[in-house]
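Below you'll find the structure, written out as structure tokens, and then a few comments.
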Amino acid sequence: MSGKLLSLAILVSAILAGGGLYYLQIYGFYEDVPESARPDIVLIAQATDQPEPIDYAAFQAVDADSSPIRFRACFTTSADLETLSATYVSAGDVIPRNAPGWFECFDAAAIAQALRDGTARAYLGEKNIRYGVDRIVAVTRDGRGFVWHELNDCGTKAYDGTVTGEECPPFPGTN
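Numbers in the numbering used here are just positions in the sequence shown, counted from 1, shifted up by 408.
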């Protein structure tokens with residue numbers, strides 16, 4: 409009888425721990441970005457290497473303090489894709505990170521497909537928005553836009569323990 413109770417206690421504990429872990433990963437740390445904290449959508453200009461805002465509407469975003477790469481946003485813009493490509497720095501070959509399933513406007517698989525088949529283009533939004541993290545902005549031909557954060561070369565090296573080298577700025581908090 410005590411073996412059955414012990415097994416039941418272990419099973420209930422495992423289910424509760426699994427449910428708690430699932431909740432924290434999918435819902436727990438994300439928060440809507442309030443309207444007062446909404447960032448401008450900016451892209452790095454080819455001519456000046458400085459961020460310039462673009463017109464946008466219907467902005468919605470989520471973020472989490474638990475990781476610098478959890479930011480996701482969606483918006484619409486009237487900006488023409490050819491003009492954007494002639495004016496702003498391309499982000500190169502990027503693959504959007506998945507958003508939580510409940511943040512319905514951001515479908516990473518559909519965005520990745522649009523980038524592959526040329527109906528969307530990705531631009532560098534901000535370099536080192538946090539140490540080693542760049543903001544990527546993708547815009548589709550029909551004016552839908554998506555934003556996410558991506559580790560750059562320095563961030564990849566810093567967070568996996570590789571020596572960053574002289575080409576990277578010092579990690580914050582070090583001399």
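Don't be surprised by glycine CBs; every beta carbon is placed ideally from N, CA and C.
The DSSP-derived three-state label of Thr-570 is coil. In the structure shown, the three-state DSSP call for Cys-562 is helix.
Val-555 counts as buried, since no fewer than 16 other beta carbons sit within 10 angstroms of its beta carbon.
Going by DSSP, Gln-458 is part of no beta strand (DSSP E) at all; its letter is neither H nor E. Put simply, the backbone Cα of Glu-439 is about 15 angstroms away from that of Cys-482. Runs of the beta strand (DSSP E) spanning 3 or more residues and lying entirely within the stretch 488-553 occur at 528-538 and 541-548, in chain order. Ranked by how close their Cα comes to the Cα of Ala-528, the residues Arg-538, Gly-436 and Val-547 have Val-547 in first place. Membership of Val-420 in the alpha helix (DSSP H) is indicated by the continuous run 410-431. Ranked by Cα distance from Ala-469, the first of Asn-560, Ala-517, Asp-448 and Gly-540 is Asp-448. Contact check for Tyr-531 and Val-497: beta-carbon distance about 6 angstroms, within the 8 angstroms limit, so the pair qualifies. Checking the DSSP bridge columns, you'll see Glu-439 partnered with Asp-471. A distance below 6 angstroms between beta-carbons, with the five flanking residues on each side excluded, links Asn-506 to the following residues of its chain, in chain order: Ala-516. Beta-bridge analysis with DSSP links Ala-481 to Ala-469 and Val-555. A Cβ-Cβ distance of about 5 angstroms is found for the pair Ile-519 and Pro-504, placing them in contact under the 8 angstroms criterion. Annotation: Asp-550 to Pro-461 spans about 19 angstroms, alpha carbon to alpha carbon.
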